[in-house]
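Numbering of the sequence shown is given in my numbering, commencing with residue 213 and proceeding in unit increments. Glycine included, each C-beta is placed from N, C-alpha and C at the ideal position. All values reported here derive from a predicted model rather than from experimental measurement.
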Amino acid sequence: MDKPRLLYVNAAILLLSPIAALIIVPLYGFTVGYDAFEWSVFAAFMMATGLSITAGYHRLWAHRAYEAHPAVRLFFAVLGACALQNSILHWSADHRKHHRFVDDRDLDPYPATRGFWFSHIGWILREYDHVKDDFTNVKDLSRDPICVWQHKHYYLLVGLTNFALPLGLGYLHGQIWGTLILATLLRMVLNHHFTFFINSIAHIWGRRTYSENNTARDNGLIAYLTYGEGFHNFHHRFQYDYRNGVRWWHFDPTKWLIKTCSWLGLTWDLKQTSKFQIEKARLALQFSNAMAGLEHGPDADNWRRRLQEGHDSFVAKLDELSKFSNEWARKLREEQLLPRLDKAAMKRRYAELKEDLRACREEWHRLTAQLGVQFA
């Protein structure tokens, strides 16, 4: 089968820019040197463009995980163009296809099932079907004036943010080339490949903690390079959650930015999966893996019965506590202030349910530990 037509502009940018960076960045550094101002501009551009992709292109527009003030959306649109990863409409259309058809070799724009190279960069180098201007799955964004404006003026924004702005800052500082090399060339190469790591590495190496229905993995190391996007198995299981890292120790600065902006009134309607749904997803995968490991083991029927009972009891306790929490929240909304006695009684009942769930969780861990099953 003939390969699709090579996209020469894409190939030139994506293949030549890393080579140029590998040669020019150290060469200029050894012969001229970079100062603190130039490195500061590089860091500022790196953060602004990276977060514009993760918080803007990805979580705001592709997944509609929250809503944002027009000023925030405009910032993400302008600096997202600086990252040189196509317009919001193109990026979001491809990404929604990826989630809908994940791992499908024909319908997923960048399936890991076609190998590391293809999912990392190969999918952008040739004129595959996803390159066509098919925006049928982003009709909501096609009605967003900022998205439409950015799409119409994308190349102008690319030029202004990647060349005019760094050149202007370098001119004011008195060192044009150092600023341009770091804030444009090096930053652009890192922007590209850090994002591409999610499509490739985060679908090949890491843990599948919440679902094994696709290749997405949780990779904490990649989270440090992608502003928190490395917890990819969670993201594919709960794609409309504004968070990727849900544990307190998970590195997810994109989540922290969105949450901080909500305290300032700049973001709102932050979609968040309940902790009960998250734990049920983890439990379901643990149960499935444990049962699969018993297919030919000794005393398998007895273990299946014990696992089924432990699983069902755990789910029942999760559902009971979830229902009680929702009911309590509803009463607080409807009645504003509960009578003191009712409030005290509900607190006691909540504490009892939490203790029951804790005991059930410990029993489940003991049971699976006896089978030698280890979970994240």
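Going by the CB atoms, is the gap between residue j and residue i shorter than 9 angstroms?
i, j, result
"L291", "T266", "no"
"Q362", "D247", "no"
"R455", "A493", "no"
"D568", "L533", "yes"
"H275", "Q489", "no"
"G390", "Y240", "yes"
"I333", "F446", "no"
"E574", "S525", "no"
"L397", "A232", "yes"
"K467", "G457", "yes"
"I236", "F328", "no"
In whole angstroms, give me the CA-to-CA distance for residue i and residue j.
i, j, result
"L226", "K483", "35 angstroms"
"F443", "N426", "14 angstroms"
"L219", "S412", "21 angstroms"
"L301", "N514", "54 angstroms"
"T438", "K555", "44 angstroms"
"L478", "D356", "17 angstroms"
"L286", "N501", "45 angstroms"
"K543", "L583", "43 angstroms"
"D531", "L495", "13 angstroms"
"F242", "L379", "21 angstroms"
"N403", "R570", "43 angstroms"
"R517", "H523", "10 angstroms"
"V345", "G245", "The amino acid at residue 345 is misidentified as Val; the sequence shows Asp. C-alpha separation (whole angstroms): 43 angstroms."
"H405", "L519", "43 angstroms"
"V527", "C473", "35 angstroms"
"T383", "T421", "In the sequence under discussion, the amino acid at residue 383 is Tyr, which differs from the Thr named in the question. Between Y383 and T421, the C-alpha separation is close to 50 angstroms."
"V360", "V221", "23 angstroms"
"L476", "H462", "23 angstroms"
"H577", "E491", "13 angstroms"
"A185", "P465", "Residue numbering for the chain in the displayed model covers 213 to 588; residue 185 lies beyond these limits and cannot be assessed."
"Y436", "L381", "28 angstroms"
Starting from the C-beta of residue i, find all residues in its chain whose C-beta is less than 7 angstroms away, skip the five residues before and the five after it, and write them out in chain order.
i, result
"D453", "A277, K483, Q484, T485"
"P216", "R338, E339, Y340"
"W335", "P321, Y322"
"F347", "L301, A305, S354"
"A293", "Q362, Y366, L369, V370, T373"
"E250", "Q387, G390, T391, L394"
"L469", "L263, A267"
"K535", "none"
"A512", "L506"
"S331", "Y322, P323, A324, N411, S412, H415"
"N349", "A305, R308, K309"
Classify residue i: buried if its beta carbon has 16 or more other beta carbons within 10 angstroms, exposed otherwise.
i, result
"W273", "buried"
"R271", "buried"
"P238", "exposed"
"G268", "buried"
"A280", "buried"
"N538", "exposed"
"T580", "buried"
"Q297", "buried"
"R312", "exposed"
"K351", "exposed"
"K309", "buried"
"P282", "exposed"
"F375", "exposed"
"R429", "buried"
"K487", "exposed"
"W460", "exposed"
"K529", "buried"
Considering only residues of the same chain and omitting the five flanking positions on each side of residue i, which have a CB-CB separation below 6 angstroms?
i, result
"A504", "none"
"F587", "Per-residue confidence for F587 stands at a pLDDT of 45, beneath the threshold of 50, marking its modelled position as unreliable; the derived number appears in the next sentence. Within the same chain, F587 has close Cβ partners Q498."
"T325", "D315, R317"
"V401", "S229, P230, A233"
"A647", "Residue 647 cannot be examined here, being either before or after the span of the chain that is shown, 213 to 588."
"A289", "I358, Q362"
"N418", "Note on residue identity: the sequence assigns Gly, not Asn, to residue 418. Closer than 6 angstroms at Cβ, skipping near neighbours: R429, D430, N431."
Identify, in the order they occur along the chain, each residue of the same chain with its Cβ nearer than 8 angstroms to the Cβ of residue i, setting aside the five sequence neighbours on each side.
i, result
"R399", "F254, F257, M258, T261"
"D566", "In the sequence under discussion, the amino acid at residue 566 is Lys, which differs from the Asp named in the question. L533."
"I410", "I434, T438, E441, G442, H444"
"W540", "M558, Y562"
"S423", "N445, H448, R449, A493, L497"
Counting only C-beta atoms, is residue i closer than 9 angstroms to chain D at any point?
i, result
"I265", "Given the protein chain composition of this structure (a single chain), no chain D is represented."
Indicate, with yes or no, if the ligand FMN has a heavy atom lying under 8 angstroms from the CB of residue i.
i, result
"D247", "Annotation note on the ligand FMN: not contained in the displayed structure, which lists no ligands."
- Hey, which unbroken runs of the beta strand (DSSP E) at 3 residues or more fall wholly within the region 248–273? Counting whole runs of 3 or more residues, the region 248–273 contains no beta strand (DSSP E) stretch at all.
- At what residue ranges does the region 262–338 contain a whole run of the alpha helix (DSSP H), taking only runs of 4 or more? Runs found: 282–294, 300–312.
- Could you name each continuous alpha helix (DSSP H) segment of 4 residues or more that falls completely within the region 346–391, going from the start of the chain to the end? Taken in chain order, the complete alpha helix (DSSP H) segments of 4 or more residues contained in the region 346–391 are 351–354, 357–364, 366–371, 377–385.
- Message: Quick check on the DSSP output: what are the complete alpha helix (DSSP H) runs of length 4 or more inside the region 450–478, in order along the chain?
- Response: Segments of the alpha helix (DSSP H) lying fully in the region 450–478: 465–475.
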